[in-house]
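Since the structure comes first, as structure tokens, the remarks are kept for the end.
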Amino acid sequence: MTNERVGERAGERTDWAALIPTLFPTLARLEPDSAACLGNAGRRVNVPRGTVLFRAGDRCHTFMMVLDGAVRVQMASETGREIVLYRVSRGETCIVTTACLLTDNPYSAEAVAETDIDAVALAAGPFHDLVARSAAFRDFVFASFGNRLTGMMMLIEEVAFGRIDLRLARFLADRRDDAGGLDITHQALAVELGTAREVVSRQLKEFERRGFVALSRGRIQVLDPVALVALAEDR
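For reference, each letter of the sequence shown is one residue, going 1 to 235 in the UniProt record's numbering.
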């Protein structure tokens, strides 16, 4: 994440410290000197919704710990196809950022604030210092990395080997709102699933023909969630 894309909250350098044990339990075990380093070096920042936090090719200068909000991390191919890799939410960190900091390589993905973000930003220098000297901080960084990597492997398995009708049915069943539908375009849905818009549109038309959904501009209304769940579970 580049520093110019976030705004520091003046006068709020360490008021976030009380949130750390709850949101990041491993950091409750920080050694006193490491806790002081984190408290002094960390800066609370606000990131407005829609902000691009980093793009492919950017250098990484900041480690971010999300206190509230959601960041979408996605990749695009040379042909323009996109896929959402994961989201970083309250109490989480971004493993693409972690990997870039640990390897000193540029970003290979893009991150966008889906909501207003409240976070703690830690510059690369203090991040490396804490990784080197604090067992608790290392545990936090690598546990976060490992947990997210497991989810990434599952995503790769789904995209490479999963049937699109099953994956689409699961997405619609899981993400429908209180009114029983989703406000989403076919293109955005294709990005979520890592496939082409034409594939999604064709499958949605089939779902509509079978009475599972009703389609309108920018809206998919789920009519038969039980059938979608059964399809998702390949029953």
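Virtual Cβ for every residue (Gly too), placed ideally from N, Cα, C.
Proximal residues to residue i (C-beta, below 8 Å), its chain only, five neighbours per side dropped
| i | result |
| --- | --- |
| residue 199 | 164, 190 |
| residue 201 | 186 |
| residue 205 | 215 |
| residue 218 | 183, 184, 185 |
Presumed contact (8 Å Cβ cut-off) between residue i and residue j, rounded CB distance
| i | j | result |
| --- | --- | --- |
| residue 64 | residue 97 | 7 Å |
| residue 231 | residue 166 | 6 Å |
| residue 87 | residue 71 | 6 Å |
| residue 30 | residue 145 | The pair is not a contact, with the Cβ atoms about 18 Å apart (cut-off 8 Å). |
| residue 172 | residue 213 | 7 Å |
| residue 142 | residue 101 | Not confirmed; about 13 Å, so no contact. |
| residue 83 | residue 159 | 7 Å |
Extent of the continuous beta strand (DSSP E) run through residue i
| i | result |
| --- | --- |
| residue 19 | Taken as a continuous stretch (DSSP letters only), residue 19 belongs to no beta strand (DSSP E), as it is neither H nor E. |
| residue 219 | 219 to 222 |
| residue 214 | 213 to 216 |
Selected residue, minimal CA-CA separation from residue i, among the options
| i | options | result |
| --- | --- | --- |
| residue 169 | 124, 222, 42 | 222 |
| residue 176 | 121, 137, 224, 139 | 224 |
| residue 46 | 181, 194, 161, 119 | 119 |
| residue 80 | 73, 15, 126, 196 | 196 |
| residue 61 | 154, 227, 105, 172 | 105 |
| residue 44 | 121, 68, 57 | 121 |
| residue 181 | 220, 228, 57, 127 | 220 |
| residue 148 | 23, 99, 22, 32 | 99 |
| residue 39 | 109, 16, 23, 56 | 16 |
| residue 34 | 233, 135, 211 | 135 |
| residue 157 | 124, 125, 194, 179 | 194 |
| residue 162 | 54, 55, 233, 24 | 233 |
| residue 69 | 55, 59, 23 | 23 |
| residue 152 | 54, 73, 56, 36 | 73 |
| residue 109 | 133, 124, 132, 59 | 59 |
| residue 54 | 125, 179, 107, 178 | 107 |
Close Cβ partners of residue i (< 6 Å) along its chain, the five nearest in sequence each way excluded
| i | result |
| --- | --- |
| residue 52 | 112 |
| residue 93 | 65, 144 |
| residue 49 | 113, 115, 116 |
| residue 42 | 120, 122 |
| residue 229 | 173 |
Residue range of the unbroken alpha helix (DSSP H) whose run includes residue i
| i | result |
| --- | --- |
| residue 164 | 164 to 175 |
| residue 193 | 186 to 193 |
| residue 24 | Note, residue 24: premise wrong, no alpha helix (DSSP H); not H, not E. |
| residue 210 | Neither: residue 210 is in no alpha helix (DSSP H) and is coded neither H nor E. |
| residue 230 | 225 to 232 |
Own chain residues within Cβ distance below 7 Å of residue i, not counting five before or after
| i | result |
| --- | --- |
| residue 139 | 26 |
| residue 192 | 84, 171 |
| residue 203 | 164, 165, 168 |
| residue 19 | 67 |
| residue 211 | 223, 224 |
Check: residue i C-beta below 7 Å from any heavy atom of the ligand FAD
| i | result |
| --- | --- |
| residue 38 | Because no ligand of any kind appears in the structure shown, any question about the ligand FAD cannot be addressed here. |
Test: residue i CB closer than 8 Å to a CB of chain C
| i | result |
| --- | --- |
| residue 136 | Structure shown: chain C not included; a single protein chain is present. |
| task | Any chance you could list the beta strand (DSSP E) runs of at least 3 consecutive residues sitting entirely within the UniProt domain "Cyclic nucleotide-binding" (26 to 148), in chain order? | result | 43 to 47, 52 to 54, 62 to 68, 71 to 76, 82 to 88, 110 to 113, 117 to 123
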